[in-house]
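*Asks:*
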Amino acid sequence: MVPQVEPENNKVQKYPTMPEVVEELKKVSNIGFPILTMSLVNYLRNMAMVICMGRLGSLELAGGALAIGFTNIIGYSLLSGLAMGMDPLCSQAIGSQNHALAFLTLQRTIFILLFASLPISLLWFNLQPLMLILNQNPDITKIATIYCKFAIPDLLANSLLHPLRIFLRSKSITWPLMWSNLLAMFLHIPITIFLTFKLSLGVQGIAISNFITNFITLFLLLLYLYFNTNFNKESYYSNSNFTTNLKTPFLPKSWPTFFTNSTWEGWGVLIRLSIQSCLAVCLEWWWYEFMTLLAGYLPNPKVALATSAIVIQTTSLMYTIPSALSASVSTRVGNELGAERPEKAKLAASVAVSLALITSLVGLVGTTFGRGAWGRVYTHDKEILELTMAVLPIIGVCELANCPQTTSCGILRGCARPGIGAAINFYAFYLVGAPVAVVLGFVWKLGFLGLCYGLLAAQIACVVSILTVSASPFQKPYFRNSASPPSKTSFQILPPTTTPSPTSSDRPGSGSSGCSVGPPPVAFVSYLV
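In full-length UniProt numbering, the protein residues as written are 1 to 529.
Have a look at this one:
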């Protein structure tokens, strides 16, 4: 095992120069701005869904809210998290010019998501008996079940969309994602109005319009891939099994190779990363639902639940920026590590975290000084407004921690270490945040304010731990240098002895977080010699 020497032109100084920082800022922005736009569009789309449900009546609004919460917890969060397992593999494969491996990872991830959709669809279809067992209102449950049944095709759409978006993002192709999303959104509003009100389909019309919009987005992306000549120049079929005369690699002739013996190499790597990424996403996502559940047991549940809904809408809006930064830095770090440029990966991480700190300050100022106006957007009830104005500054302080924490999770994904993020999220949200929320909310009688302080405690514990781990030196990937390189469509797992052992002061996880990290849980993708 001989480490490859990094070319001089790939090195950066110990302290990067301003032109290098500006160049990295441009790269992060070029990836992140379209993703931010997509997140805002999706936020508006969800608001439009809720508005349409409210127009149908209070029963439909309650049933739709129950259905949206259930599909988010048991469905969309799982698919989104599982898809993120391909993030480090694709970004590092693209960085090392291993396009065949990146495409094979796309195929495998689609298969994993389709397989995961089967039990999820069964749960959605049988929502009514499950909710009745939990003593939910039968009328509300009936509406929620109708929505979930007609939303099942959306699982198929998301199983295809999530991996395709990550695959394109790993190649720094995000503008087509934005334009396809925007065009689909313009069609979504008239489709929803037509199905829901003109055809009088009600809640089921909203569910149908939602998955139609996602399939439109998918169709537009496939059109882009088919007519984009840049994909013709890339070696998706450099392996002997990958032979085709088609213009684009996204059409059927390539799929039979998915089931040959050589393609089963590395399934364990992808599945492990997918499960770890899924846990990291769901553990944080589910905590907000846990907070809503606790709010229902407070002395004045109507006010607490209404305020909780406003808080979740607010955090969802503010989350669009850190999620875009997280996706951008994951791609940049993975690309640079795949290209054997760890110093440039560190630069990308530093730039992204700096942007996260700036945007978190903006969020704090907005929630503090605009809390009255923002609360009146949702309600004019005096009690709800007073509680909302009291908790929004706390949510702003939470954002000071949440934005760098979410961005740092992207750094860990780019380094193929999502398991660390999952462990920290469990420790911070459930071993720190949940007990603090229960004690302050119920024992000390602070009510919903106490629950928000619990969220703040969780975010502080999370950001301290995750920044400590993310700030540790990036380990340069070392690749096997042999006369017989591994297949371009295989993952290469290097034994621990091949990874350079950092000193005790430089060892990842030796900081105050208490998380013992050691070497990355998976070695980086194969290098093309």
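A virtual CB, placed ideally from N, CA and C, is assigned to each residue, including glycine.
Whose C-beta lies closer than 6 angstroms to the C-beta of Ile74 among residues of the same chain, with five residues either side of it excluded?
*Replies:* Leu123
*Asks:* Is the Cβ-Cβ distance between Thr367 and Leu387 less than 7 angstroms?
*Replies:* One thing to note: Thr367 has its Cβ no nearer than 7 angstroms to the Cβ of Leu387.
*Asks:* Taking three-plus beta-carbon pairs below 8 angstroms as touching, is the region 22–33 in contact with the region 319–332?
*Replies:* yes
*Asks:* Residues in the same chain with beta-carbon distance under 6 angstroms from Pro16, minus the five sequence neighbours each way, listed in chain order, please.
*Replies:* Leu347
*Asks:* Determine, using beta carbons only, whether Leu79 and Asn158 come nearer to each other than 7 angstroms.
*Replies:* At a Cβ-Cβ threshold of 7 angstroms, Leu79 and Asn158 count as neighbours.
*Asks:* Tyr226: buried (16+ other C-beta within 10 angstroms of its C-beta) or exposed?
*Replies:* exposed
*Asks:* Please list the terminal residues of the continuous alpha helix (DSSP H) segment that includes Trp124.
*Replies:* His99 to Phe125
*Asks:* Give me the Cα-Cα distance between Tyr378 and Ile51, rounded to the nearest whole angstrom.
*Replies:* 11 angstroms
*Asks:* Taking all protein chains shown into account, decide if Met84 is buried (16 or more other Cβ within 10 angstroms of its Cβ) or exposed.
*Replies:* Under this definition Met84 is a buried residue.
*Asks:* Helix, strand or coil for Ala157 per DSSP?
*Replies:* helix
*Asks:* Out of Asn46, Ser91, Ser39 and Ile68, state which residue places its alpha-carbon closest to the alpha-carbon of Ala416.
*Replies:* Scanning Asn46, Ser91, Ser39 and Ile68 for the CA closest to the CA of Ala416 turns up Ser91.
*Asks:* Could you tell me the distance, in whole angstroms, from the CA atom of Ala116 to the CA atom of Ile152?
*Replies:* Rounded to the nearest whole angstrom, the C-alpha separation of Ala116 and Ile152 is 13 angstroms.
*Asks:* Is the CB-CB distance between Tyr147 and Ala67 below 7 angstroms?
*Replies:* yes
*Asks:* Can you name the start and end residues of the alpha helix (DSSP H) that Trp287 belongs to?
*Replies:* Looking at the DSSP string, the run of the alpha helix (DSSP H) that includes Trp287 is Trp267 to Ala295.
*Asks:* Go through the region 153–221 residue by residue and report every complete run of the alpha helix (DSSP H) that reaches 4 residues or more, in order.
*Replies:* 153–170 and 175–193
*Asks:* Roughly how many angstroms lie between the CA atoms of Ile460 and Met18, to the nearest whole one?
*Replies:* 31 angstroms
*Asks:* Which residue's Cα is closest to the Cα of Pro190: Ile321, Lys302, Arg45 and Cys409?
*Replies:* Arg45
*Asks:* Skipping 5 residues on each side, what residues in its chain have a beta carbon closer than 7 angstroms to that of Ala483?
*Replies:* Any reading at Ala483 needs caution, since the residue's pLDDT is 31, under 50, leaving its predicted position unreliable; the model's value is listed next. Taken in chain order, the list of residues that qualify is empty.
*Asks:* Based on Cα-Cα distance, which residue from Ile143, Leu118 and Val311 lies nearest to Leu127?
*Replies:* Checked all of Ile143, Leu118 and Val311; the closest Cα to Leu127 is Ile143.
*Asks:* What did DSSP end up calling Met84 once you bin it into helix, strand or coil?
*Replies:* coil
*Asks:* In three-state terms, what does DSSP make of Glu23?
*Replies:* Here Glu23 sits in helix by DSSP.
*Asks:* Between Gly95 and Glu336, what straight-line distance do the alpha-carbon atoms span, to the nearest angstrom?
*Replies:* The straight-line gap from Cα to Cα measures roughly 6 angstroms.
*Asks:* Would you call the region 317–324 and the region 32–46 touching, i.e. three or more CB-CB distances under 8 angstroms?
*Replies:* These segments touch.
*Asks:* Between the alpha carbons of Asn98 and Met178, how many angstroms are there, rounded?
*Replies:* 26 angstroms
*Asks:* Between Tyr430 and Pro404, what straight-line distance do the alpha-carbon atoms span, to the nearest angstrom?
*Replies:* 20 angstroms
*Asks:* Alpha carbon to alpha carbon, how far is Pro301 from Gly54? Give it in angstroms, no decimals.
*Replies:* 20 angstroms
*Asks:* Is it the case that the Cβ atoms of residue 530 and Val303 are separated by a distance below 7 angstroms?
*Replies:* This structure cannot settle anything about residue 530, because the visible part of the chain is limited to 1 through 529.
*Asks:* Just the C-alpha distance for Thr71 and Ile193, rounded to the nearest angstrom, thanks.
*Replies:* 22 angstroms
*Asks:* What's the call for Ser328, buried or exposed, on a 16-neighbour Cβ count within 10 Å?
*Replies:* buried
*Asks:* Compare the Cα-Cα distances from Ala434 to each of Leu446, Trp444, Ile31 and Ala457 and report the closest residue.
*Replies:* Ala457
*Asks:* Rounded to a whole number of angstroms, what is the C-alpha to C-alpha distance between Leu283 and Ala422?
*Replies:* Taking the straight line from one Cα to the other gives about 7 angstroms.
*Asks:* Quick check on Tyr297: buried or exposed, where buried means 16 or more other Cβ atoms within 10 Å of its Cβ?
*Replies:* exposed
*Asks:* Among Leu218, Leu273 and Ala373, which has the Cα closest to the Cα of Leu160?
*Replies:* Leu218
*Asks:* Since I believe Gly363 is in contact with Gly410 (beta carbons under 8 angstroms), could you give me their beta-carbon distance rounded to a whole number of angstroms?
*Replies:* At roughly 18 angstroms, the Cβ-Cβ gap does not stay under 8 angstroms, so Gly410 and Gly363 are not in contact.
*Asks:* Between Ser360 and Ile394, what straight-line distance do the alpha-carbon atoms span, to the nearest angstrom?
*Replies:* 13 angstroms
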